[in-house]
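Read the structure below first, then the notes.
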Amino acid sequence: MNAFDIQPVRSRNWEVEEEEEETRQELQISQPYLKFNNESWKSVDLSNRVVIVSTSDAPSIFIRSTFTDLIEIGEIIIDDIKPIKSNEIIINNRCILYQSSSDKSVVFVICQYKVESDRAFNMTETIFGLFKTPQSVIVLDSLINTLYLSTDYRHPSPPFLRVVYTSSFQNVAQLGFIPLESPNLVERLTAGILSYIPAISLQNLVESSELSVASIANFEGAVAKLHPVFQSVQESSKNKERLALYRKMRDRRLEVRDRVIYLYLYLYINQPSPYIAVILINQSTTTGGQQLASLFN
């Protein structure tokens with residue numbers, strides 16, 4: 001007798017499966033990769049170095065103001081983080097690798113964009129895939145004071161320093177450093193590095209995410225205890241460069257903030273909303289923003 005071919009039973013709706021596949025593709029984020037400044041760096045052995053990592057804002061400005069004669073090795077790129085078009089390198093949101101021109105055993109990772117937690121481990125692997133078996137690893141990072149937990153209300157006013165380190169650093173107490181108190185946690189790139197390789201991180205506790213000259217200079221005495229390369233730069237030249245870089249970064253932030261306010265103003269004009277008006281007033285900390293917010297007072 002004739003019979004129809006038996007078709008395999010689908011346990012799920014094909015439309016649901018397609019939606020799940022699309023969701024998986026959307027969740028795939030671009031991961032960091034290394035691009036050399038010059039092909040000749042590919043043949044250079046960069047292992048057994050002192051690796052100094054600085055995160056965005058105050059730590060990176062501190063490094064750039066302290067060392068102005070760095071040799072660029074390359075950069076770590078994340079495709080969905082687009083660099084800002086500017087001739088001022090301190091404004092660009094890039095993660096650039098350098099070698100010290102005065103001491104070839106010291107290399108720097110100046111990361112001027114925030115590395116989110118889901119990329120931190122891959123970023124760490126990229127860094128230490130190049131700088132294998134480092135002599136030591138120093139990470140300069142910032143922690144906003146509002147996120148800082150302390151059992152002693154008499155702790156210093158920001159900015160002040162705390163340290164987080166792995167067990168390989170035995171002389172931290174003798175250097176006068178105070179460990180970051182529990183239950184405070186480090187995040188993002190710093191957490192990735194400390195979980196991957198022996199390292200010490202200086203946590204610069206600051207009042208807010210706003211830059212200040214004091215928060216930048218706060219690393220000064222501490223880093224000199226960790227490596228002599230920080231002791232070889234003249235104080236006057238550091239202070240002058242630090243102030244110049246601070247002003248450039250501050251001006252850039254003010255410019256971006258004013259653009260945001262103008263955008264909200266445009267939205268308000270085209271579609272008046274009390275919600276947008278409140279945002280305008282709350283965001284008005286710049287001169288241009290204050291002028292705009294005065295329209296709603």
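So the sequence shown is residues 1 to 297, counted in full-length UniProt numbering.
Even for Gly, the Cβ is constructed at its ideal location relative to N, Cα and C.
All figures in this text were calculated on a predicted structure; none of them were measured in a lab.
Rounded straight-line distance, which links the Cα of N37 to that of V186: 31 Å
Neighbourhood of L70 by C-beta distance below 6 Å, restricted to the same chain and skipping five residues each side: Y98
Span of the beta strand (DSSP E), counted from its first residue to its last, around I76: 70-77
Own chain partners of I78 with C-beta closer than 6 Å, once the 5 adjacent residues on each side are dropped: S30, P32
Pick from V107, M123, S150, V50 that is closest to R64, judged by C-alpha positions: V107
Whole-angstrom C-beta distance between V139 and A199, which should lie under 8 Å: 6 Å
Minimum C-alpha distance to S47 - residue among V109, S60, K132: K132
Distance, S201 Cα to D45 Cα: 25 Å
Spatial distance of S212 from F62 (CA atoms): 11 Å
D141 beta carbon less than 9 Å from that of S54: yes
Own chain, CB closer than 6 Å to L180, minus 5 neighbours either side, in chain order: R162, V164, Q203
Cβ-based burial, S100 [other Cβ within 10 Å; buried from 16]: buried
Proximity of I96 and I81 at Cβ, strictly below 9 Å: no
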